[in-house]
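Using my numbering, you'd call the opening residue of the sequence shown number 285 and step up by one each time. From the three backbone atoms N, C-alpha and C, an ideal C-beta is built for every residue, glycine too. It should be emphasised that the depicted structure is a prediction, and the values quoted were computed from it without experimental measurement.
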Amino acid sequence: MKLIAGPSSPLLTKKIAEKTGFEIAETVYRRFPDGELYVMVRGDDDSYAVVNSLKSNEDIVYLMLIFDALEGKSITAVIPYMGYARQDRAFLKGEAVSIRAVAKLIEEYADRVITVNIHSERARGHFRKLTELDAMKVIGQHYRGRDIVMLSPDKGSLSRVKRAAEIAECEFDYLDKRRIDAENVEMVPKNLDIEGKEIAIVDDIISTGGTVITAAAQLSGKAKKIEAACVHGVFAGNALNRLFLSGISQVKSTDTIETQVSVLSISEIISEVLLDEV
Ligand code: R5P
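Following this line, the structure appears as structure tokens:
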């Protein structure tokens, strides 16, 4: 098997190559003056794993062109961050179910699809050949041995945070929204006293940063230190700046999306699955 480093996941692919021993195929990615994209894959092999997160619209076009360049080969699509998964149904009549369209496109070419913590059960249901990996394990391993309390921003995400906390062997809880009066709502840990404790707010995605910033604002003054960790660091617009200015001491994500804070790597869990395949 050879690896293809898609334009959105070069560092992750390099780490997977180091762990698996698979070579990275030589590729050419270019943009024509009119904005159209161009892909060439050099060399020849029977089987390829294409690693490319779908963070931008361009990533989807690149993925499609890579698949076409591999016409007739066996393809495993490794899509660490599956964009468009939040539009997993038609909320209004007439809306496109975006993830259904993306799933159809990928599965038209790929023999197998691997992703990490897809947005929802419903999004997962639009795929037929999907293996979903859980990066909560990676976050849990990172915090192992630290005297920290993990907090989920809401009850709905508690089971995810519990999986990370069990590996980290730390306490965990979720933030409970309580109405104080007509105008004010407070978010407090449901069961634990976090006075003087170090906190990690753990979520699957940080997009605008709004969820984590609101949670951190409620905890500041009580907690000793607040960090935020997530699987997918989307960081829309100036979210990272807003997070840094909000009093959160550190922001960490995995490298499903490569950014300046993607310091936790999913390369190990992807490599395990790819090695199982050959
Ligand atoms: C919600 O379902 C997710 O788990 C995240 O809490 C949410 O997507 C985060 O979005 P934002 O950073 O824009 O608040």
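Around the beta carbon of residue 479, a 10 Å sphere encloses fewer than 16 other beta carbons of the protein chains shown; the residue is thus reported as exposed.
For residue 456, the three-state secondary structure derived from DSSP is strand.
Cβ-Cβ distances below 7 Å link residue 520 to 491 and 492 in the same chain, with the five nearest sequence neighbours on each side left out; the list follows chain order. A distance criterion of 6 Å places the beta-carbon of residue 404 beyond contact range of ligand 1, judged by its closest non-hydrogen atom.
Three or more beta-carbon pairs drawn from the region 357-373 and the region 382-396 are found closer than 8 Å, and the two stretches are therefore classed as touching. For residue 506 and residue 452, the gap between their C-alpha atoms comes out near 22 Å.
Set against 6 Å, the gap from the CB of residue 436 to the closest heavy atom of ligand 1 is not smaller. Between residue 321 and residue 342, the beta carbon gap of about 7 Å places them in contact (Cβ cut-off 8 Å). DSSP places residue 302 in the helix class (H, G or I) of the three-state scheme. Residues lining ligand 1 by the Cβ criterion, that is a Cβ closer than 6 Å to any of its heavy atoms, are 437, 441, 487, 488, 489, 490, 491, 492, 493, 494 and 495 in chain order.
When only Cα atoms are considered, residue 441 and residue 414 end up about 22 Å apart. For residue 384, the enclosing alpha helix (DSSP H) begins and ends at 382-393.
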